[in-house]
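My numbering applies: residue 1345 is where the sequence shown begins, and numbers increase by one. Cβ coordinates follow ideal geometry from the N, Cα and C atoms, glycine included.
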Amino acid sequence: MNNPLISIILPTYNVYSYLAQCLDSIVAQTYKNIEVIIVIDGANDGSYELAKEYCQRDRRFSVYWQENAGSGPARNNGLIHANGQFVIFIDPDDWVKEDFVETMVHLIEKDDYDLVTTKETAVYFNDKGKQTSIVEYHSENKVIKGQEDVRKSYVELLSKGLIAAPHCKIYKNSIIKQNNIRFPDLRRSQDVVFNYRYYNYISNVLVCDYSGYMYRVLRKDRALRLPKDYYLTIKVLYADICKLHQSWNIAFDKLTVCNDFYVSIQAHLESNIIRGQSIKNIVEDETIYDIIKSSRPTKIHFALTRWLILRRHYLCASWLISALYHIKAIIH
């Protein structure tokens, strides 16, 4: 293995309670040739001051401040300052195993891959911040070579959660810079857009069954994190993925895509119902309705909710979603 410089980018907003654990895990990496770019996205909780302390202790760390604009613009700011041959994104409320960077570098250099994607280990916490469970996710080892086969695999990898979020991956900085690939100015799901923009320029992918990224899952307010108009973002993503396949001249697996988007729609409906809002305007949107109608969810409660929505029993659907939300809360 060569010793390339790795740019690690952390978009940071009000995560002071978790930031030290994240930064300590980076300091402890067995792979040492790294630059750590912390972008403070308008945080006012002491995260900026803590990041500056790490910069004083370790010359590999740097910190930049920006007014609050979201994680996408913060990552873009980090990319401007990235000098490494490869790029890794880490969220500041997560952390990584000691061999994470070394493993990712070894994998991408193994056969000059354009993208390496892995899975995460989810660490669940309850409302009081107590760790409740750990789930290590796995994926089938897979090498995809040739631009056509890579593009044909997009929907499959997306449906398996392998090319949605930017974490658990290592990217070639040359591809990012040469094609000016950036995160869009969206508050949610900008990760999916960045990844399909990157995916448009690659010719090989390695999927590896490795789970060195520790993903923090907080129970509190998870249902309220989606904006009230998130369905508009779903519409944009769905249209973009359709156009992407048209530009590739690749057959579009509408069923699989709609099944994936239905999960997002259900989460959005849950979020609005918990806020006491109607779901009528969401499910009667032409594109959203088409996605729901074209989907075939396998989970019973998803299928039942879909059945109620398609028959316009919106109050019953809302009651079911609300009941399931509160049952899950009791279980957790």
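So if DSSP puts residue i in a beta bridge, which residue, or which two residues, is it bridged to?
{"i": "Gln-1410", "result": "Asp-1385"}
{"i": "Glu-1464", "result": "Tyr-1557"}
{"i": "Val-1551", "result": "Thr-1461 and Lys-1486"}
{"i": "Ser-1639", "result": "Per DSSP, none; premise fails for Ser-1639."}
{"i": "Leu-1354", "result": "Ile-1382"}
{"i": "Lys-1513", "result": "Thr-1461"}
{"i": "Leu-1562", "result": "Phe-1469"}
{"i": "Phe-1527", "result": "BP columns for Phe-1527 are empty, so no partner."}
{"i": "Phe-1405", "result": "Val-1380"}
Taking 7 Å as the cut-off, decide whether the C-beta atoms of residue i and residue j are in contact.
{"i": "Ile-1381", "j": "Ile-1350", "result": "no"}
{"i": "Lys-1516", "j": "Asp-1458", "result": "yes"}
{"i": "Leu-1594", "j": "Arg-1532", "result": "The residue asked about is misnamed: residue 1594 is Ile in this sequence, not Leu. The answer is no: Cβ separation not under 7 Å."}
{"i": "Val-1359", "j": "Asp-1437", "result": "yes"}
{"i": "Tyr-1357", "j": "Asp-1385", "result": "yes"}
{"i": "Asp-1553", "j": "Asn-1485", "result": "yes"}
{"i": "Ile-1635", "j": "Cys-1602", "result": "yes"}
{"i": "Tyr-1575", "j": "His-1612", "result": "yes"}
{"i": "Asn-1412", "j": "Phe-1527", "result": "no"}
{"i": "Gly-1422", "j": "Val-1383", "result": "yes"}
{"i": "Ser-1503", "j": "Thr-1600", "result": "yes"}
{"i": "Ser-1391", "j": "Leu-1363", "result": "yes"}
{"i": "Thr-1374", "j": "Glu-1446", "result": "yes"}
{"i": "Lys-1489", "j": "Asn-1539", "result": "no"}
{"i": "Tyr-1606", "j": "Pro-1641", "result": "yes"}
{"i": "Leu-1506", "j": "Thr-1465", "result": "no"}
{"i": "Tyr-1542", "j": "Ile-1525", "result": "yes"}
{"i": "Asp-1597", "j": "Val-1499", "result": "yes"}
{"i": "Lys-1579", "j": "Thr-1631", "result": "yes"}
{"i": "Ile-1514", "j": "Phe-1405", "result": "no"}
{"i": "Thr-1577", "j": "Leu-1648", "result": "no"}
Does the beta-carbon of residue i have 16 or more other beta-carbons within 10 angstroms, so that it is buried, or is it exposed?
{"i": "Val-1627", "result": "buried"}
{"i": "Gly-1416", "result": "buried"}
{"i": "Gly-1428", "result": "buried"}
{"i": "Cys-1366", "result": "buried"}
{"i": "His-1708", "result": "Within the shown structure, residues of the chain are numbered from 1345 to 1676, placing residue 1708 beyond reach of any answer."}
{"i": "Asp-1604", "result": "buried"}
{"i": "Asp-1535", "result": "buried"}
{"i": "Val-1487", "result": "exposed"}
{"i": "Lys-1463", "result": "buried"}
{"i": "Leu-1654", "result": "exposed"}
{"i": "His-1482", "result": "exposed"}
{"i": "Ser-1591", "result": "exposed"}
{"i": "Val-1479", "result": "exposed"}
{"i": "Ala-1667", "result": "exposed"}
{"i": "Ala-1387", "result": "buried"}
{"i": "Ala-1583", "result": "exposed"}
{"i": "Val-1644", "result": "Checking the displayed sequence, the identity of residue 1644 turns out to be Ile instead of Val. By the neighbour-count rule (16 or more Cβ atoms within 10 Å), Ile-1644 is not buried but exposed."}
{"i": "Ile-1671", "result": "exposed"}
{"i": "Ala-1673", "result": "exposed"}
Nearest CA to the CA of residue i: which residue from the options?
{"i": "Ser-1622", "options": "His-1589, Ser-1662 and His-1645", "result": "Ser-1662"}
{"i": "Val-1467", "options": "Ala-1509, Ile-1618 and Ser-1555", "result": "Ser-1555"}
{"i": "Leu-1659", "options": "Ser-1639, Pro-1641, Arg-1526 and Glu-1614", "result": "Glu-1614"}
{"i": "Trp-1439", "options": "Ser-1391, Thr-1649 and Ser-1369", "result": "Ser-1369"}
{"i": "Phe-1433", "options": "Tyr-1559, Gly-1490 and Leu-1530", "result": "Tyr-1559"}
{"i": "Arg-1403", "options": "Ala-1387, Lys-1376 and Asp-1389", "result": "Lys-1376"}
{"i": "Pro-1677", "options": "Ile-1578, Lys-1441 and His-1450", "result": "Examination of residue 1677 is not possible in this model, given that the chain is present from 1345 through 1676 alone."}
{"i": "Tyr-1545", "options": "Ile-1632, Ser-1518 and Val-1561", "result": "Ser-1518"}
{"i": "Leu-1562", "options": "Arg-1656, Phe-1469 and Met-1448", "result": "Phe-1469"}
{"i": "Gln-1491", "options": "His-1589, Lys-1513 and Gly-1473", "result": "His-1589"}
{"i": "Ser-1639", "options": "Gln-1410, Asp-1456 and Arg-1650", "result": "Arg-1650"}
{"i": "Asp-1443", "options": "Cys-1512, Leu-1652 and Ala-1508", "result": "Cys-1512"}
{"i": "Leu-1722", "options": "Ile-1609, Ile-1514 and Val-1580", "result": "There is no way to answer for residue 1722, as the model of the chain reaches only from 1345 to 1676."}
{"i": "Ala-1509", "options": "Asp-1629, Phe-1405, Asp-1435 and Glu-1630", "result": "Asp-1435"}
{"i": "Phe-1646", "options": "Lys-1572, Leu-1664, Leu-1394 and Ile-1632", "result": "Leu-1664"}
{"i": "Asp-1389", "options": "Ser-1406, Ser-1361 and Tyr-1398", "result": "Ser-1361"}
{"i": "Leu-1550", "options": "Arg-1619, Gly-1620, Lys-1472 and Met-1448", "result": "Met-1448"}
Chain C beta carbons: is any one of them nearer than 7 Å to that of residue i?
{"i": "Gly-1414", "result": "Reference to chain C is not applicable here, since this structure consists of a single protein chain."}
Check whether the Cβ of residue i lies closer than 6 Å to any heavy atom of the ligand MG, and answer yes or no.
{"i": "Glu-1464", "result": "Only the bare structure without any ligand can be found here, which leaves the ligand MG out of the picture."}
Exercise for the section: Quick one: which unbroken alpha helix (DSSP H) runs of 4-plus residues sit fully inside the region 1598-1622? Chain order, please. Expected result: 1598-1618
Problem - beta strand (DSSP E) segments (min. 3 residues) lying fully within the region 1421-1481 - result: 1430-1433, 1459-1461, 1464-1469 and 1475-1480
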